[in-house]
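Numbering follows the numbering used here, in which position 128 of the sequence shown is assigned residue number 355; successive positions increment by one, without gaps. Structure record follows, encoded as structure tokens.
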Amino acid sequence: MQGGVGFGLGLVAAPVLTMMQPSLMPGAIQVVNASLPLFTLAVEWRRVEWRALGWAVLGRLPGSAVGALIVVYVSAQALGVFVGAMVLVAVALTARAVAIPRTGATVTGAGFVSGITGTATGIGGPPIALVFQGAKGPQVRATLAVFFCFSALQSLGVLWAVGHLPVRALVAGGLLVPFMIAGFVVSGPLRRYLDGGRTRAGILVLAGVSALVLIAQSISG
């Protein structure tokens, strides 16, 4: 999914890992989140939108801090339901309207929300991806790749600082990397299909599905 659309790894992996071994989350998925973007950048690094990326990172920094506080003090289940609902509202509104403008305010705000939910739940793609839905496929994938790589490393550092990054989570994340690489290798046909004018639709569909998964994961949590 992420190799084709630009995000989506957490949509599949985070709920499964949470159900199988909650103590590995969100650290294990952040290890994989930090690795996959490197392969995307190796192919499409020239298409990064650096200005927008700067605004996204600016919002991500305080968002990660808030996400860490939620991990320690607040129910991640309540956060998941709230964020999932907001993503569904955003998808519904933007599906019938023009794409959200990529201004400093919108990208910074999306980065902030992504920082909160990414650090707390391991699913941080939908907020930032919705802002980039109007961009071309290679531009979306390359820009989000840099953002997710930085975000994952930052989240790992924050989780370690607050004592919520066990070594076994890092090991589990490392064991998942070879399978992530295999998934990226076979995503080539999907990239070519989406780049034929279907990237925006793919982002909206995947954001909507990930929001539903996040809500279901939080309620069952």
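Cβ coordinates follow ideal geometry from the N, Cα and C atoms, glycine included.
Could you tell me the alpha carbon to alpha carbon distance between residue i and residue j, rounded to whole angstroms?
i: R329; j: V394; result: 38 Å
i: A171; j: D422; result: Lying outside 228 to 448, the shown extent of the chain, residue 171 is not represented and no answer is given.
i: L296; j: F411; result: 33 Å
i: G361; j: I430; result: 10 Å
i: I407; j: V270; result: Here residue 407 turns out to be Met, not Ile, going by the sequence shown. Spanning the two alpha carbons is a distance of roughly 16 Å.
i: T335; j: C376; result: 17 Å
i: Q366; j: Q304; result: 33 Å
i: W272; j: F266; result: 10 Å
By Cβ distance, which residues of its chain are closer than 6 Å to residue i, with the 5 residues on each side in sequence left out?
i: H391; result: V298
i: Q381; result: S291
i: L383; result: Q257
i: V318; result: L431, A434, G435
i: T370; result: V275, E276, L280
i: L315; result: A438
Three-state secondary structure (DSSP) at residue i?
i: T333; result: helix
i: E276; result: coil
i: S414; result: coil
i: G390; result: coil
i: G311; result: helix
i: I350; result: coil
i: S447; result: helix
i: R395; result: helix
i: V373; result: helix
i: P253; result: coil
i: F406; result: helix
i: Q360; result: coil
Leaving out the 5 sequence neighbours to the left and right, which residues in its chain are closer than 7 Å to residue i when beta-carbon positions are compared?
i: V404; result: V259, S262
i: V308; result: I442, S445, I446
i: T333; result: I327, V358
Could you name the residues of the same chain whose beta carbon sits closer than 8 Å to that of residue i, not counting the 5 residues immediately before and after it, in chain order?
i: A240; result: I256, V259, G349, L403
i: V449; result: With the chain covering only 228 through 448, there is no way to say anything about residue 449.
i: A388; result: A295
i: G235; result: M228, Q229, G352, L433, S437
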